[in-house]
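Since the structure comes first, as C-alpha cells, the remarks are kept for the end.
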Amino acid sequence: MTLSRRAFLRTVSPGASVMAPAWITARGREALEGELGALPSPFIPPPDADEIRISSNENPLGPGPSAASAIRENLGESNRYPMNSRITDSAVQKRIAGIYGAKPENVVLAPGSTELLRNSIRAFCAPDRPLVSGECSYENPVRDAEYFGVPVKTVANREQDLGLDLDRMAGAALGAGLVFLCNPNNPTGTAHGRTAIADFVRYVAKESPYTYVLIDEAYNEYVTDPSYSSSAELALKYRNVYVSRTFSKAYGMAGLRQGYAIGGKETIGRLAPYKLTFGTNVLGLAAVSASLDDPDHIAKEVDRNAEVRKFTLDFFRGAGYWATDSQTNFIFVKTNMPAKQFREGCAKFKVQVGRDFPPYEKTHARISIGTMDEMKRATEVFRQVLGSAPTDAAQAGKS
Amino acid sequence: MSLSRRDFVRTLGVGAAGAYAAGFVSSRRREAIAFAAQTGMPAHQVINLSNNENPMGPGQSVLDAIERALGPTGASAGRYPFAYATPLQELIAKKWKVKPENVLLGAGSTQILVNATHVYSSREKAVVGSLPTYEECFGYASLIGSRTKAVPLTSDFRMDLDKTMYALKGSGMLFYCNPNNPVSTLVNPSESKEFLTRALKANKDLRILVDEAYIDYVTTPGHETMIPMAVQEPRLIVARTFSKAYGMAGLRVGYAIAHQSTIKELDKFHLGNTLSGLSYAAVIAALERDAADPAYIPNEGKRNAEARAFTLKWFADRGYKATDAQTNFTFVDVAMPVEYFQAACAKEGILVGRPFPPLWTHCRISIGTMEEMQRAVQVFDKVLAASKAQAA
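Quick mapping for you: the protein sequence lines, in order, are chains A and B.
Take 1 as the starting number for the first sequence in the working numbering and just add one per residue.
Take 1001 as the starting number for the second sequence in the working numbering and just add one per residue.
Right, dumping it as C-alpha cells:
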C-alpha cells in the first residue's frame, strides 16, 4: 500500500478540524491511487529521515519502552470496551486520582485535551458568562466559545516577557464563566510561579466565586523553573479551580489521545456529563497505566528536553534574536520576520515549524524542541532562513 | 478473545435500574451502568456477554498492522495522527462507492450519535426512538435539554412504524436502530425504505439517523444497507462502527455516511482529534482486508449465527421466549427481574446485559464463542432452575 511509503503531513495544526479543506493533503489522495487489493497493511512511519517535524510540540521519542510494551501486551484487548478491558478506564481514573491523594470523582478522563476544553466552555460559560483568555494563548477554547455563542474577553500578554497578564486577567474574570489560564502558556512558553497563580486563584475565588478557572497544564512536566509547581493541589482545595493535563507531551502519547482533568467533586461533576461515552481507547489506557508506573522515564525526558531547549535558545540568543523564557518543549522566538515567511523558508529545507500565532505572527515563530540531532540540523537551517533578518536583542515583545 | 487476559471484574453495583430516570438519562453515559459483580473468580473463568463485544477480536492482520504502526520503539505514538483521517475517509468512501465528502469519522459511532443528536434536536424538536433502544441519543438529548419521545415496540418486539410515524410530527430526529439494540429485531429493507421515505416526506424538518452497527450479523436474506439512500437524501444519515463484527470496540472508530451538505452540517459541531493513530492503522488494515478477502466479515457473521442459533435453541427448548435475533446478541424473557438474573449469573462468572426498561424481565445476552455459550448455558440452567424452584 502506497500509504506505507507516505510520510505524515507536516504542517498540521492540532486544533484544526479534520475536514478543513485547506488541510486535506494531496498525499492522502495519492496514497489511494490505484491499489486496493492484497496489499501489506500500512505502518505509521516516522518522519522521513531527512525531514524534521518541530511544528506541533510532539515528543520525538514517543511514549518510551514501558508504554510500547504495554501496548503490545494489550493488543488482545482491542475488542473490549474500556470498562471491560484488562486495564479499564475506571482503573486509570482511580490511579491518577491516587497520585494526588484524591478520589475517582475528582478526575475525568478524555481523549486528549480538546474535548476537555470544549466541555469546559459548555459546562461553565453562557451567552452572559464569558470566557477569559490570554490574547496570545492556546486557541481552541476561543474557537469553541465562538461556536457556542459565548462572548470572549482576551487580555493582552505582558509586553516585557509575553507572559499572561494575570493582574488584568483577574480583572476580566469578574463575572466571567471561565478563565482559561494556560500555564505554562502555549505558544509563548512562559510559566507563572506558584505564588502568582495562588494569588490569582484566591482573588477570583473571593471576588467572583462563580467564575471557574481552568488551568491548562499540558506542559507541566517540562517546567524547570523552581518557582513553579502544579496547581493540582489548588484544584482540590478551591471549588472554582480545576486543572487539565495531557499525556500528549512529556508522556509522548500525542497519537494515543489521552488526557484528564482534576478538581473538586462538584466541579468535575459539572464537567463529566459532557464526556464522550467510552471516549478513551484501550491501547492508550494501557500505555498510560505503564507510564504512570515509570516516573524515571519522565524525569529523563524532562532532562533531555531541557538540554536541547537550552541548546536551541542559546543558538537564537547567540545570533541576536530575543526569545521568551521557555518552560515547555517549544520556544517562542522574535525572528523579526513573519511566521509564514519563516515557516515557508524552513519548509524548503524540510524543517516544519509552528503556525501563525496572532498577534505576533508578523514577528515571532514557535519552534518545538526535537532531538538534539534534529535541533543541530534545524539551527543550521534557521541560520540560513533568517539570513539578514534584523536581530533584536535589545527589547522584548515590540514589533 | 483470550479469557486468560481478563482481570477480575470489579463491582460497579447492580443499582443501574435506579438510574433510569423518567427522562431517559441513561446511566450508560456514566460508566457505572456496565455493572459487574465481584465474583472472586479467576479471570479466565469469567465470560463477558454484557456489551455485545466480538470475542474473536479484530483479526490477526489487524493486530499485525497495529504492531507495525507502533514500530520497534513506539516513537510514532508520539505524533499526532490527523493525517490519517483523509486516507481513511477515502478507503471508506471507496468501500461504499461514495465520495470522501460523504464520510464523517468518529470515536466509535457513539460520537456520530451524539453529534447528530446535538445538531438536529432541541427543546422543541424531539429525538424519537423506540422503547427501548440503544440509550446514547436519548441520554445525550436529556443532557442538553432536548425533548425525547420513546415509542413502544410491537408485540413481537419490532419497531412500531405506525406509532413512530405519529410521534415524528414536529420532531427533529428519528433514531432508527436497525437491527435494534437491545431487542435484536430487524425491519426488512423494503419496509424500512418505504417507511423512511414516507417519514421524510411527511416531516420536512425531520432528520433520520439509521444506526447499522449490527448489520453484518443480519442473516435474514435480502437485507440491504441504507447507505445508497443516505447519500442521495440530505436528511438521512447512516452510522456504522468497527466495534462489532470488526471486533474493535476498544479502538473507538465509527463513521457516518450522508449527503455532502449533511456531513458539513454535522462537521460544524464535530469534535475532531479523537481517533488514535493505532486505531487508524487498525481500521485501514481492516478495510484493506475487506477488499482483499471479502469473505472475512461474512464468515464472522456465519460464526456468530451458529453460536446464536445454539443459544436461541437452548432457551426455546426450555420454553423461554427470545426475539428473532438478527445481531450478535439475544433478547430473552428470563421470567424474572433482569437484575436478579444478572447478579446470579455474575456469581457464576457469566456477565450478561443490563436491564432495558420497561422490559423488566428480558435479558440481553451477547453471543460469545460457541464454547463460551456452551459454558454459559450451564450457568443459565442453574440460575433459571433455582428461580423456578423458588417460584414453585
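Note that beta-carbon positions come from the ideal geometry of N, C-alpha and C, so glycine has one too.
- Query: Can you name the residues that DSSP bridges to B/M1173?
  - Reply: By one-based count along the second sequence, residue 1173 of chain B stands at place 173. Partner(s): B/V1127, B/R1207.
- Item | Three-state secondary structure (DSSP) of A/Y238 | Your numbering for residue 238 of chain A matches position 238 in the first sequence. It is coil, neither helix nor strand.
- Item | Residue from A/A91, A/V92, A/K94, A/R53 with nearest C-alpha to B/A1075 | The count along the second sequence starts at 1 and reaches residue 1075 of chain B at position 75. The shortest Cα separation from B/A1075 among A/A91, A/V92, A/K94, A/R53 belongs to A/R53.
- Quick one: is B/L1104 buried, meaning 16 or more other Cβ sit within 10 Å of its Cβ, or exposed? Here residue 1104 of chain B refers to the residue found at position 104 of the second sequence. So B/L1104 ends up on the buried side.
- Report the rounded CA-to-CA distance for A/V150 versus B/R1158, giving the unit in angstroms. Walking along the first sequence from the start, residue 150 of chain A turns up at place 150. Walking along the second sequence from the start, residue 1158 of chain B turns up at place 158. Near 43 Å, if we compare the C-alpha coordinates of B/R1158 and A/V150.
- Check the Cβ of B/G1397 against every Cβ in chain A and list those closer than 8 Å, keeping chain order. There is simply no residue 1397 of chain B to check, as chain B begins at 1001 and stops at 1392 in what is shown.
- Task: Figure out for me which residue from B/A1167, B/I1047, B/M1165, B/V1183 has the closest Cα to the Cα of B/D1324.
- Result: Numbered from its first residue, the second sequence carries residue 1324 of chain B at position 324. Among B/A1167, B/I1047, B/M1165, B/V1183, the Cα nearest to that of B/D1324 is on B/V1183.
- Query: In chain order, which alpha helix (DSSP H) runs of at least 4 residues are fully inside the segment 293-335 of chain A?
  - Reply: 295-318
- Endpoints, the alpha helix (DSSP H) within which B/R1375 is located: Within the second sequence, the letter at position 375 stands for residue 1375 of chain B. Counting along the chain, the alpha helix (DSSP H) containing B/R1375 begins and ends at 1370-1391.
- Query: DSSP puts A/R129 in a beta bridge; with which residues?
  - Reply: What you label residue 129 of chain A is simply residue 129 of the first sequence in a count that begins at 1. Answer is A/A126, bridged to A/R129.
- Task: Below 6 Å CB to CB, which residues in the same chain sit around B/V1062 once its five sequence neighbours on both sides are set aside?
- Result: One-based indexing of the second sequence puts residue 1062 of chain B at position 62. Closer than 6 Å at Cβ, skipping near neighbours: A1282, A1285, A1286.
- Task: Could you give the DSSP three-state label for A/V201: helix, strand or coil?
- Result: Here residue 201 of chain A refers to the residue found at position 201 of the first sequence. Helix, per DSSP.
- What number of angstroms, rounded off, separates the C-alpha of A/V333 from the C-alpha of A/R366? As a working note, residue 333 of chain A is residue 333 in the first sequence. As a working note, residue 366 of chain A is residue 366 in the first sequence. Rounded to the nearest angstrom, the two C-alpha atoms are 6 Å apart.
- Near B/L1113, which residues of its chain fall below 6 Å by C-beta distance, leaving aside the five closest residues on each side in sequence? Counting from 1 along the second sequence, the entry for residue 1113 of chain B is found at position 113. Contacts found: E1136, C1137.
- Query: How many Å lie between B/A1335 and B/G1250 at the Cα?
  - Reply: Here residue 1335 of chain B refers to the residue found at position 335 of the second sequence. Here residue 1250 of chain B refers to the residue found at position 250 of the second sequence. Taking the straight line from one Cα to the other gives about 33 Å.
- Message: Below 8 Å on the Cβ atoms is my contact criterion, and I expect A/V201 with A/Y238 to pass it. Report the Cβ-Cβ distance as a whole number of Å.
- Response: In the first sequence, residue 201 of chain A corresponds to position 201, counting from 1. In the first sequence, residue 238 of chain A corresponds to position 238, counting from 1. Indeed they touch by this definition, with Cβ atoms about 6 Å apart.
- Query: Is A/L214 near A/S120, with beta carbons less than 8 Å apart?
  - Reply: Position 214 of the first sequence, counting from 1, holds the residue named residue 214 of chain A. Position 120 of the first sequence, counting from 1, holds the residue named residue 120 of chain A. Cβ distance < 8 Å, so A/L214 and A/S120 count as in contact.
- Under 9 Å between beta-carbons, which chain B residues line up against A/I71? List them in chain order, please. The count along the first sequence starts at 1 and reaches residue 71 of chain A at position 71. Per Cβ cutoff of 9 Å: I1066, E1067, L1070, G1074, A1077, L1278.
- With 8 Å set as the bound, which would you pick, yes or no: does the beta-carbon of B/A1107 sit closer than that to a beta-carbon of chain A? Numbered from its first residue, the second sequence carries residue 1107 of chain B at position 107. Yes, contact with chain A.
- With distances taken from CA atoms, which of B/P1072, B/M1056, B/A1085, B/R1289 is nearest B/G1272? Residue mapping note: residue 1272 of chain B aligns to position 272 of the second sequence, counting from 1. Of the candidates B/P1072, B/M1056, B/A1085, B/R1289, the one whose C-alpha sits nearest the C-alpha of B/G1272 is B/A1085.
- Task: Report the rounded CA-to-CA distance for A/F349 versus A/F311, giving the unit in angstroms.
- Result: On the first sequence, position 349 is the one that residue 349 of chain A refers to. On the first sequence, position 311 is the one that residue 311 of chain A refers to. Answer to the nearest angstrom: the Cα atoms are 20 Å apart.
- Query: Between which two residues does the alpha helix (DSSP H) harbouring B/Y1340 extend?
  - Reply: On the second sequence, position 340 is the one that residue 1340 of chain B refers to. It spans 1338-1347 - the alpha helix (DSSP H) in which B/Y1340 sits, taken as one unbroken run.
- Could you give the DSSP three-state label for B/Q1260: helix, strand or coil? Indexing the second sequence from 1 puts residue 1260 of chain B at position 260. Reduced to three states, the DSSP call for B/Q1260 is helix.
- Message: Between which residues of its own chain and A/T379 is the CB-CB distance below 7 Å, once the five residues before and five after are set aside?
- Response: Within the first sequence, the letter at position 379 stands for residue 379 of chain A. Same-chain partners within the cutoff: T312, F315.
- Message: Quick check: B/L1186 and B/N1178, are their CB atoms within less than 8 Å of each other?
- Response: Here the question's residue 1186 of chain B lines up with position 186 in the second sequence. Here the question's residue 1178 of chain B lines up with position 178 in the second sequence. Yes, they are a contact pair.
- Taking C-beta to C-beta, are B/A1083 and B/L1266 nearer than 8 Å? Here residue 1083 of chain B is taken as the residue at index 83 of the second sequence, counted from 1. Here residue 1266 of chain B is taken as the residue at index 266 of the second sequence, counted from 1. No, the pair does not count as a contact, with Cβ atoms beyond the cut-off.
- Query: What span of residues does the beta strand (DSSP E) with B/H1362 cover, start to end?
  - Reply: As a working mapping, residue 1362 of chain B is identified with position 362 in the second sequence. Start and end: 1362-1366.
- Task: Flag B/E1371 as yes if its beta-carbon sits less than 8 Å from any beta-carbon of chain A, otherwise no.
- Result: For the purposes of this step, residue 1371 of chain B is taken as residue 371 along the second sequence, with counting starting at 1. No, B/E1371 lies away from the interface with chain A (no Cβ there is under 8 Å from its Cβ).
- Task: In angstroms with no decimal places, state the Cα-to-Cα distance between B/E1194 and A/C346.
- Result: Numbered from 1 along the second sequence, position 194 holds the residue referred to as residue 1194 of chain B. Numbered from 1 along the first sequence, position 346 holds the residue referred to as residue 346 of chain A. For B/E1194 and A/C346, the distance between alpha carbons rounds to 58 Å.
- Message: On the CB-based measure, 16 or more other CB atoms within 10 Å of its CB, does B/N1203 come out buried or exposed?
- Response: On the second sequence, residue 1203 of chain B is found 203 positions in, with the first residue counted as 1. When all chains shown are included, B/N1203 counts as buried.
- Reduced DSSP secondary structure (H/G/I, E/B, other) of B/D974: Nothing can be reported for residue 974 of chain B, as the shown portion of chain B is limited to 1001 through 1392.
- According to the neighbour-count rule (16 or more other Cβ atoms, all chains shown, within 10 Å of its Cβ), is B/P1152 buried or exposed? Stepping through the second sequence from its first residue, residue 1152 of chain B is reached at position 152. Burial call: exposed.
- Message: Rounded to whole angstroms, what is the Cα-Cα separation between A/R143 and A/Y100?
- Response: The residue given as residue 143 of chain A occupies position 143 in the first sequence. The residue given as residue 100 of chain A occupies position 100 in the first sequence. Going by the C-alpha atoms only, they are around 31 Å apart.
- When the distance is taken between beta carbons, is A/A205 closer than 8 Å to A/L166? Position 166 of the first sequence, counted from the start, is the residue given in the question as residue 166 of chain A. Position 205 of the first sequence, counted from the start, is the residue given in the question as residue 205 of chain A. Taking 8 Å as the Cβ cut-off, A/L166 and A/A205 do not qualify as a contacting pair.
- Task: Counting only runs of 3+ residues fully inside the segment 157-234 of chain A, write out the beta strand (DSSP E) ranges in chain order.
- Result: 178-182, 212-216
- Note down the Cα distance separating B/G1247 from B/A1077, rounded to an integer number of angstroms. Here the question's residue 1247 of chain B lines up with position 247 in the second sequence. Here the question's residue 1077 of chain B lines up with position 77 in the second sequence. Their Cα atoms are separated by approximately 22 Å.
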